[in-house]
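Read the structure below first, then the notes.
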Amino acid sequence: MLFLGEYEHSLDAKQRLAIPRELREVLNPTVNGDHFVAVPGADDVLTLWPSKTFERLAMSQEGSLIGDDVLRRFERSFYSQAARCPLDTAGRVRIPDRLLTRFGLAGSIVILGVRDHLELIASAAWKAGAKDRTATTASLWQQANQLMNARQGGAR
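For the sequence shown, the positions run 1476 to 1631 when our numbering is used.
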């Protein structure tokens, strides 16, 4: 599964967000799960993870009853804000009001396909950051390339 693209959709009167067909079509319920998990993401965006992908990543972190203080506080904050968001028969998810409010999501929302998850950003905020994203593209590519090379031990 690979999520790609940028889509603009609006919340309906019942605060449901339609997940674009192109994104739903790459989901395999057996492999990815039949719902999404909404959690706070980096850069103050709301992320939607396919349930089985989220569970696999969450459980891959070695847990302990007596863990590191920082990790324990992070997990308390992170997982307590998470919510299961089933897809209805029309391909919509109902995101809890608390998460919509926390991330300033109302009306028009941009849905970004970001490899293995989706990111939700207020349309106005996404458009406002377009100039900055364009200006930093070359530098970001270079930094990402360096990080990927370092992770692979320099092998290409």
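C-beta atoms are modelled at their ideal positions from N, C-alpha and C, and glycine is treated no differently. Quick caveat: nothing in here was measured; it's all calculated off a predicted structure.
Handout entry: Secondary structure of S1555, DSSP reduced to three states
Key = helix
Problem - Span of the beta strand (DSSP E) around F1511 - result: H1510 to P1515
Practice task
Tell me whether R1631 is buried or exposed, calling it buried when 16 or more other Cβ atoms sit within 10 Å of its Cβ.
Solution key: Low confidence applies to R1631: its pLDDT is 49, below 50, so where it sits in the model is not reliable enough to give any reading.
Exercise for the section: Find the nearest neighbour of D1509 within the set G1566, I1586 and W1601, judged by alpha-carbon distance. Expected result: G1566
Practice task
Name the two residues that bound the continuous alpha helix (DSSP H) containing E1497.
Solution key: R1496 to R1499
Problem - F1478 (DSSP reduced to helix, strand or coil) - result: strand
Problem - Length of the line joining the Cα atoms of T1528 and T1611 - result: Using only the alpha carbons, I get a separation of about 30 Å.
Exercise for the section: Could you spell out the range, first to last residue, of the alpha helix (DSSP H) harbouring P1504? Expected result: That run of the alpha helix (DSSP H) goes P1504 to N1507.
Handout entry: Proximity below 8 Å, CB of P1525 to CB of N1507
Key = Yes, the pair counts as a contact, with Cβ atoms nearer than the cut-off.
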